[in-house]
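I have placed the structure first, in the form of structure tokens, so that the comments after it can refer back to it.
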Amino acid sequence: IEIEEQYPLSPQQILLRDSKLRNTEYVYGVVIFTGHDTKVMQNAMKAPSKRSKIERKMDRIIYLLLSALVLISVIGSVFFGITTRDDLQDGRPKRWYLRPDDSTIYFKPTKAAISAILHFFTAMMLYGNFIPISLYISIEIVKLLQALFINQDIHMYHEETDTPAHARTSNLNEELGQVDTILTDKTGTLTCNSMEFIKCSIAGTAYGRGITEVERAMAKRKGSPLIADMASNTQGSQAAIKGFNFTDERVMNGNWVSQPHSGVIQMFLRLLAVCHTCIPEVDEESGTISYEAESPDEAAFVVAARELGFTFYQRTQTGVFLHELDPSSGKQVDRSYKLLHVLEFNSARKRMSVIVRNEEGKIFLFSKGADSVMFERLSSSDCAYREVTQDHINEYADAGLRTLVLAYRQLDEAEYANFDRKFTAAKNSVSADRDEMIEEAADLLERKLILLGATAVEFGHALRQFSVRSTGVGVSARRDARDLHLPPPSQSHSHSQTTST
Amino acid sequence: MMEEASTSASGGGGAAANGGQRGFPPARSGVFYRFTQQNLPAWKPAMTPGCVITIFLMIGVTFVPVGLVCLHASNHVAEIAHRYDIDCVPNAYKRNRQAYIKDSSISKNCTQEVKVKYLMRAPIYVYYELDNFYQNHRRYVKSRSDKQLRYGQKYTHSSCDPIERNDGLPIVPCGLIAWSLFNDTYGFTCGSTEIKVNRKNISWKSDREHKFGKDVYPFNFQNGSLIGGGKLDPALPLNQQEDLIVWMRTAALPQFRKLYGVIEEDLQADEIITMHIANNYNTYSFGGKKSLILTTSTWLGGKNDFLGYAYLITGSLSLFLTILFALIHVKNPRPHGDANYLSWNRPNSNS
Chain A
474 IEIEEQYPLS
484 PQQILLRDSK
494 LRNTEYVYGV
504 VIFTGHDTKV
514 MQNAMKAPSK
524 RSKIERKMDR
534 IIYLLLSALV
544 LISVIGSVFF
554 GITTRDDLQD
564 GRPKRWYLRP
574 DDSTIYFKPT
584 KAAISAILHF
594 FTAMMLYGNF
604 IPISLYISIE
614 IVKLLQALFI
624 NQDIHMYHEE
634 TDTPAHARTS
644 NLNEELGQVD
654 TILTDKTGTL
664 TCNSMEFIKC
674 SIAGTAYGRG
684 ITEVERAMAK
694 RKGSPLIADM
704 ASNTQGSQAA
714 IKGFNFTDER
724 VMNGNWVSQP
734 HSGVIQMFLR
744 LLAVCHTCIP
754 EVDEESGTIS
764 YEAESPDEAA
774 FVVAARELGF
784 TFYQRTQTGV
794 FLHELDPSSG
804 KQVDRSYKLL
814 HVLEFNSARK
824 RMSVIVRNEE
834 GKIFLFSKGA
844 DSVMFERLSS
854 SDCAYREVTQ
864 DHINEYADAG
874 LRTLVLAYRQ
884 LDEAEYANFD
894 RKFTAAKNSV
904 SADRDEMIEE
914 AADLLERKLI
924 LLGATAVEFG
934 HALRQFSVRS
944 TGVGVSARRD
954 ARDLHLPPPS
964 QSHSHSQTTS
974 T
Chain B
93 MMEEASTSAS
103 GGGGAAANGG
113 QRGFPPARSG
123 VFYRFTQQNL
133 PAWKPAMTPG
143 CVITIFLMIG
153 VTFVPVGLVC
163 LHASNHVAEI
173 AHRYDIDCVP
183 NAYKRNRQAY
193 IKDSSISKNC
203 TQEVKVKYLM
213 RAPIYVYYEL
223 DNFYQNHRRY
233 VKSRSDKQLR
243 YGQKYTHSSC
253 DPIERNDGLP
263 IVPCGLIAWS
273 LFNDTYGFTC
283 GSTEIKVNRK
293 NISWKSDREH
303 KFGKDVYPFN
313 FQNGSLIGGG
323 KLDPALPLNQ
333 QEDLIVWMRT
343 AALPQFRKLY
353 GVIEEDLQAD
363 EIITMHIANN
373 YNTYSFGGKK
383 SLILTTSTWL
393 GGKNDFLGYA
403 YLITGSLSLF
413 LTILFALIHV
423 KNPRPHGDAN
433 YLSWNRPNSN
443 S
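Heads up: the protein sequence lines correspond to chains A and B, in order. The opening residue of the first sequence carries number 474 in the numbering used here; numbering runs sequentially from there. The opening residue of the second sequence carries number 93 in the numbering used here; numbering runs sequentially from there.
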């Protein structure tokens with residue numbers, strides 16, 4: 474009996490509006506939810522026309538002048554009608570030099586009312602110069618020149634990305650510079666949508682000699698010159714790599730091979746290179762690889778793995794491909810991993826896992842997540858460096874870094890087959906408790922994990938750019954003790970998007 | 093409206109796309125750098141109390157003497173204004189002046205006597221003044237043809253309506269303005285001596301040379317059943333009909349004066365001048381007034397006190413404000429801030 478293959482349908486498979494379709498040959502069109510009641514349709518409305526204060530004030534002035542013009546014309550026409558009618562009395566003209574006895578309709582005394590009405594229109598035309606119509610054109614020209622100045626302002630030019638200011642519309646030029654306070658809630662973090670891999674803890678050993686902004690500020694307050702000197706020395710030694718601010722000679726340049734826990738370090742770096750959803754992009758000219766990631770910390774992890782010898786360079790529907798540094802031979806070896814399942818990150822789970830099969834046929838579960846959920850899923854038999862890692866995580870949090878715990882487990886075929894059947898059935902179901910079934914199936918596997926270590930990522934220096942002295946903008950943020958437990962990457966992701974838009 | 097369709101930027105992405113990529117960074121020096129960065133130096137005055145007081149003082153000190161000089165010049169003008177349209181009506185027609193003015197059989201000659209109060213040095217200008225005569229009426233102003241006055245009768249235009257043609261023949265000059273030409277005449281004697289009035293060069297030179305043709309002669313003028321004003325000599329070209337030229341420069345207000353002639357001899361004080369007036373023009377139907385003006389002139393023009401009073405009031409007001417500000421500044425001195433804190437004096441901290 475041939476079993477028909479079924480595919481699960483989840484938000485991962487839906488192309489939302491403004492999505493970019495890449496690395497895909499074809500898609501199916503399916504009607505899921507449509508009509509005028511959908512959120513997209515209800516949000517679709519015409520953008521309101523923006524009018525600045527100057528334009529609104531000018532409109533009021535023009536209306537005032539138009540009223541004055543009509544008033545003057547009406548009064549003038551009334552008096553004109555009265556005097557025109559008086560020009561003929563009993564058939565004898567008074568102002569004889571105007572020849573009221575031989576007149577057109579515009580000045581006829583016997584039809585003074587019609588003459589007055591026609592004089593109203595004449596007066597409106599003659600006094601029309603009262604209305605400054607050209608004022609709109611003059612203001613429009615001024616705003617256009619202002620937009621040109623905005624585009625050329627050197628203080629609004631970003632050197633790093635070579636991006637000048639770009640005034641797309643000149644409607645609201647004079648409304649600039651009105652922000653005086655930025656308010657953030659307690660969990661909001663002002664970031665620049667960039668993360669830097671700076672420290673890590675592997676097998677109970679802390680690596681990374683970088684100094685964070687928080688540590689530098691505290692050292693400056695204490696007046697400790699030693700840390701400042703160390704920071705200045707290390708900063709000038711290497712070229713800057715986006716997302717990578719890690720300095721430790723014990724593991725860099727392949728030196729991790731000679732470390733006492735090199736096997737754990739190898740698995741740690743392999744996990745960083747495999748357990749993600751990034752997509753590599755290879756520059757055809759220079760051959761460098763950049764990564765498209767759902768969140769900037771994922772990109773930072775993959776960059777860190779690359780810098781330490783595990784280069785992720787290709788992804789297909791079913792596989793992940795790396796250049797790995799082989800500790801036995803000391804050379805780069807191509808390795809591929811068959812991607813069996815991806816257990817996605819969400820705010821409830823606070824962890825992400827991938828199940829892969831390596832070239833030798835072994836099945837591994839790689840997992841990373843918040844320490845609050847990962848430590849309770851560790852194997853109880855392996856307690857060698859658990860407490861040390863917890864101490865490292867606390868230190869990283871105090872230094873203002875964002876931490877993730879990395880762990881893995883090897884699966885046997887029977888266990889995996891059982892999970893695969895349950896997980897696939899849960900994914901293919903369309904019942905209301907689908908999410909619960911998926912989580913149940915995933916929970917069966919994410920247990921008895923072997924601890925590898927923890928990572929520490931520093932978010933970009935956003936607060937520095939909101940200097941009160943230079944811009945006059947005050948920043949007000951509520952803080953409490955829970956800020957020390959930084960929010961998971963998902964919230965950071967959403968806030969970063971808010972900041973960037 | 094400079095508006096572009098803004099595309100919504102796709103969020104996320106670890107490697108930010110380089111928007112607005114250019115081949116070279118923007119220039120940070122050069123000819124137009126300071127202009128594009130709006131850093132060119134400019135004069136930004138600060139109105140300190142001393143500065144303001146000095147300005148008002150200078151205005152007052154300058155304007156008050158100018159006002160006094162203007163008033164003095166205006167007061168030196170000797171002027172005789174005599175209204176004659178009422179006195180020249182015979183007693184029999186006091187109650188029905190229109191019948192008097194329209195009856196051509198009645199003589200319109202009138203003799204009036206005035207006394208010269210002050211010495212009047214030559215040249216003495218003779219003006220006629222009309223009141224309640226609306227030369228600025230729209231129909232009146234439009235009823236003329238400048239091309240015809242310049243080039244001749246073939247340019248007679250419909251804008252001259254209703255004084256355009258008579259019996260099918262064009263009227264030169266056409267229009268209501270020419271048709272209602274002022275036709276009172278004046279003569280002056282002192283005792284038994286006649287005072288000559290020069291009637292030449294009373295119009296603008298540019299009018300005689302550029303606006304009225306020297307080959308255009310009156311034709312079919314005042315030949316209709318209705319005669320409005322004075323007649324013209326058919327043998328003289330239009331550029332020599334100076335009464336017509338003066339009359340056709342229309343006045344902006346209902347009360348106006350127009351030049352009639354110039355007396356080239358002095359009039360002594362306490363002399364009795366006899367004015368021989370031909371009261372031909374009808375101002376009785378619309379309640380107008382007619383006056384005869386003899387006046388001298390100075391560098392400022394005729395008798396007009398307005399300019400002097402304007403200067404005097406402005407200067408006095410400035411002096412008053414000077415004293416007021418000085419007293420306020422002495423009694424309640426207000427410490428103004430350090431000029432170094434002004435934004436253009438501060439070192440640039442927005443970099």
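Glycine is no exception: its CB is placed at the ideal position from the N, C-alpha and C atoms. This one's a predicted model, so the numbers in the text were calculated from it and none came from an experiment.
Where does His628/A sit, in a helix, a strand or coil, going by DSSP? In the three-state reduction of the DSSP assignment, His628/A falls in the helix class.
Residues that DSSP places opposite Val815/A in a beta bridge: Val827/A, per the DSSP bridge assignment.
Give the interface partners of Asp626/A over in chain B, defined as CB-CB distance under 9 Å, in chain order. Under the 9 Å cutoff, chain B gives Thr128, Gln129 and Gln130.
Return the residues of the region 351–383 of chain B that lie within a Cβ-Cβ distance of less than 7 Å from chain A, sorted by chain order. Cβ contacts with chain A: Asn374, Ser377 and Phe378.
For Phe348/B, the first and last residue of its enclosing beta strand (DSSP E): Under the DSSP assignment, Phe348/B falls in the beta strand (DSSP E) whose first and last residues are Phe348 to Ile355.
Shortest alpha-carbon distance to Gly834/A belongs to which of Gln883/A, Tyr858/A and Leu851/A? Closest by alpha carbon: Gln883/A.
Span of the beta strand (DSSP E), counted from its first residue to its last, around Leu884/A: Arg875 to Leu884 is the span of the beta strand (DSSP E), which, as asked, contains Leu884/A.
Thinking C-beta only, is Phe274/B closer than 7 Å to Trp339/B? Contact: yes.
So is Tyr433/B in contact with chain A if we call contact Cβ pairs under 7 Å? With 7 Å as the cut-off, Tyr433/B does not count as an interface residue toward chain A.
Min CB distance Ser965/A to chain B below 7 Å: Note that Ser965/A scores 34 on pLDDT, short of 50, meaning its location in the model is unreliable; the coordinates nonetheless yield the value given after this. No, no contact with chain B.
Roughly how many whole angstroms lie between the Cα atoms of Pro133/B and Tyr125/B? Taking the straight line joining both Cα atoms gives about 13 Å.
What in chain A is Cβ-close to Gly320/B, meaning under 8 Å? Residues of chain A passing the Cβ test: Trp569 and Tyr570.
In whole angstroms, give me the CA-to-CA distance for Lys423/B and Thr414/B. Lys423/B and Thr414/B: Cα-Cα distance of roughly 14 Å.
So what does DSSP say about Val615/A, is it helix, strand or coil? Note: Val615/A maps to helix in three-state DSSP.
Is Ala954/A buried or exposed, if buried means 16 or more other CB atoms sit within 10 Å of its CB? Bear in mind that the predicted position of Ala954/A carries a pLDDT of just 36, short of 50, making it too unreliable to give a figure here.
CB contact check: Phe717/A to chain B, cutoff 7 Å: No - not a single Cβ of chain B is within 7 Å of the one on Phe717/A.
Distance, Cα to Cα, Gly103/B vs Ala541/A? Note on Gly103/B: pLDDT 37, under 50, position unreliable in the model; the coordinate value appears next. Between Gly103/B and Ala541/A, the C-alpha separation is close to 53 Å.
Whole-angstrom C-beta distance between Val218/B and Tyr352/B, which should lie under 8 Å: Yes, they are in contact, since the Cβ atoms of Tyr352/B and Val218/B sit about 5 Å apart, within 8 Å.
Any heavy atom of the ligand ADP closer than 6 Å to the Cβ of Asn516/A? For the structure depicted, the ligand ADP is absent and the ligand set is empty, with no information on it obtainable.
Residue of Ile610/A, Ile612/A and Ser643/A minimising C-alpha distance to Asn446/A: Because residue 446/A is not part of the residues shown, which for chain A are 474 to 974, the question remains open.
Would a check of beta-carbon distances place Ser166/B closer than 7 Å to chain A? Not an interface residue.
Check whether the region 869–889 of chain A touches the region 836–855 of chain A, counting contact only when three or more Cβ pairs, one atom from each stretch, lie closer than 8 Å. A contact exists between the region 869–889 of chain A and the region 836–855 of chain A.
Reduced DSSP secondary structure (H/G/I, E/B, other) of Ser588/A: Ser588/A: helix per DSSP, three-state reduction.
Bridge partners for Phe594/A per DSSP, in chain order? In DSSP, Phe594/A forms no bridge with anything.
Starting from Pro769/A and walking both ways along the alpha helix (DSSP H), at which residues does that stretch end? First-last of the alpha helix (DSSP H) with Pro769/A: Pro769 to Glu780.
I'd like to know if Asp575/A contacts chain B, where contact means its C-beta is closer than 7 Å to some C-beta of that chain. Chain B contact via Cβ: present.
Put Ile487/A into one of helix, strand or coil per three-state DSSP. The answer is coil: DSSP assigns Ile487/A none of H, G, I, E or B.
Throw me the rounded Cβ distance for the Lys921/A and Ser852/A pair, which I believe falls under 8 Å. Confirmed, Cβ separation roughly 4 Å.
Given 8 Å, three or more beta-carbon pairs between the region 621–638 of chain A and the region 596–603 of chain A: Contact fails between the region 621–638 of chain A and the region 596–603 of chain A, because fewer than three Cβ pairs, one in each stretch, are under 8 Å apart.
Ser295/B in three-state terms, based on DSSP: The three-state reading of DSSP puts Ser295/B in coil, since its state is none of H, G, I, E or B.
Is there at least one Cβ from chain A nearer than 7 Å to Tyr243/B's Cβ? No, no contact with chain A.
Quick check on the DSSP output: the alpha helix (DSSP H) that includes Gly716/A runs from which residue to which? Counted as a single uninterrupted DSSP element, the stretch harbouring Gly716/A is not any alpha helix (DSSP H), since DSSP gives it neither H nor E.
Is it right to say Pro265/B is buried, meaning 16 or more other beta carbons lie within 10 angstroms of its own, or is it exposed? With 16 or more Cβ atoms within 10 Å of its Cβ, Pro265/B is classed as buried.
How close, in whole Å, do the beta carbons of Glu765/A and Phe717/A come, if the pair is a contact with beta carbons under 8 Å? Going by Cβ atoms, the distance from Glu765/A to Phe717/A rounds to 17 Å, so no, they are not a contact pair.
How big is the Cα-Cα spacing for Ser943/A and His628/A? Caution applies to Ser943/A, whose pLDDT of 44 falls short of 50 and renders its modelled position unreliable; the value that the coordinates give is listed next. Distance between the alpha carbons of Ser943/A and His628/A: 11 Å.
Assuming Leu745/A and Ala777/A form a contact by the criterion Cβ under 8 Å, report the distance between their Cβ atoms to the nearest whole angstrom. Right, their Cβ atoms sit about 6 Å apart.
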